[in-house]
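A.B. asks: Numbering (this note's numbering), first residue to last: 5 to 252.
Shown next as structure tokens:
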């Protein structure tokens, strides 16, 4: 599924870059940076926020990523850091917000594949339900549960379509930070809502209002709102044009 996410993301980002005159090779390299940053950030965030005592006592276990344990909030932070580094390395230079806007579109599509993999692997299962749509995850128990992974996959697919529609309408005139802000608001609002249907992945105290995942989602929603509000103030300049102007 990660391979599928990478291939789909590459196809979408390459198409966007081609339309804006950015070399195809940059799309491939940036997606690789983003993938590595996402995995590293997701793993570290899981270890830090969901089971810190275990991983501090067994630091080498952090490297055993095949055992499972990834947090999407850390993945988002890791992706942003890797893309920022990409803007410092690749030529022509690309404004950071311009880049994360474009990457947000395939990132939403990639999230669909990731949640599909979680469903197939019986990961991040939902709470029990009496509804007829409940799914039994035999690797967990024999109780029908909310297929919350599929709920999220559908939500991310809708978000991808919304982002693609905005970009298709505005194209190169897209204000810097708009797509990124919409991505953060919609993705992490979906997380906030759907966490109520998930089995908590970290210690959950009786009377606690929100889960760890929900508390971690709140700053991303706020950041997204800030980016959308600020986006109207950014000048709409293509990265190639920005690079040419810098040489004059």
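Glycine included, every Cβ here is placed at the ideal spot set by N, Cα and C.
Treat the numbers as computed from the prediction; the structure is a model and nothing was measured.
How long is the line joining the alpha carbons of residue 218 and residue 177, rounded to whole angstroms?
C.D. replies: Taking the straight line from one Cα to the other gives about 34 Å.
A.B. asks: Nearest CA to the CA of residue 142: which residue from 123, 159, 134?
C.D. replies: The candidate whose alpha carbon is nearest that of residue 142 is 123.
A.B. asks: Any idea what DSSP makes of residue 33, helix, strand or coil?
C.D. replies: Of the three classes helix, strand and coil, the one that applies to residue 33 here is helix, per DSSP.
A.B. asks: Cβ atoms of residue 13 and residue 110: under 9 Å apart, would you say?
C.D. replies: Contact: yes.
A.B. asks: With a CB to CB cut of under 6 Å and the five nearest residues on each side skipped, what residues in its chain are close to residue 90?
C.D. replies: The answer, listed in chain order, is 34, 37.
A.B. asks: Using the rule of at least 16 other Cβ atoms within 10 Å of the residue's Cβ for burial, across every protein chain shown, is residue 125 buried or exposed?
C.D. replies: So residue 125 counts as exposed.
A.B. asks: For residue 251, which residues from the same chain have a beta carbon less than 6 Å from its beta carbon, with the 5 sequence-adjacent residues on both sides left out?
C.D. replies: Note on residue 251: pLDDT 42, under 50, position unreliable in the model; no value is reported.
A.B. asks: Just tell me which of 160, 136, 229 has its CA closest to the CA of residue 150.
C.D. replies: Selected option, being the one with the closest Cα: 136.
A.B. asks: Going along the chain, which residues of its own chain have a beta-carbon closer than 6 Å to the beta-carbon of residue 82, five neighbours each way excluded?
C.D. replies: Answer for residue 82: 41, 42, 44, 45, listed in chain order.
A.B. asks: In terms of alpha-carbon separation, which member of 134, 229, 102, 154 lies closest to residue 127?
C.D. replies: Answer by Cα proximity: 154.
A.B. asks: Restricting to Cα atoms, I'd like to know which of 108, 47, 92 is closest to residue 71.
C.D. replies: Checked all of 108, 47, 92; the closest Cα to residue 71 is 47.
A.B. asks: State buried or exposed for residue 163, treating a residue as buried only when at least 16 other CB atoms are found within 10 Å of its CB.
C.D. replies: Under this definition residue 163 is a buried residue.
A.B. asks: With DSSP as the reference, please indicate the residues paired to residue 132 in a beta bridge.
C.D. replies: Note: residue 132 sits in a beta bridge opposite 149.
A.B. asks: Round the Cβ separation of residue 50 and residue 25 to the nearest angstrom and send it over; I've been treating them as touching at under 8 Å.
C.D. replies: Going by Cβ atoms, the distance from residue 50 to residue 25 rounds to 39 Å, so no, they are not a contact pair.
A.B. asks: Please report the distance separating the alpha-carbon of residue 107 from that of residue 76.
C.D. replies: Roughly 16 Å between the two C-alpha positions.
A.B. asks: With distances taken Cα to Cα, identify the nearest neighbour of residue 203 among 227, 145, 92, 169.
C.D. replies: Per the Cα distances, 145.
A.B. asks: Do the segment 184 to 195 and the segment 228 to 235 meet, that is, are 3 or more Cβ pairs less than 8 Å apart?
C.D. replies: Cβ pair count under 8 Å is three or more, so yes.
A.B. asks: Label residue 195 either buried or exposed according to how many other C-beta atoms from any shown protein chain fall within 10 Å of its C-beta, with 16 as the threshold for buried.
C.D. replies: With 16 or more Cβ atoms within 10 Å of its Cβ, residue 195 is classed as buried.
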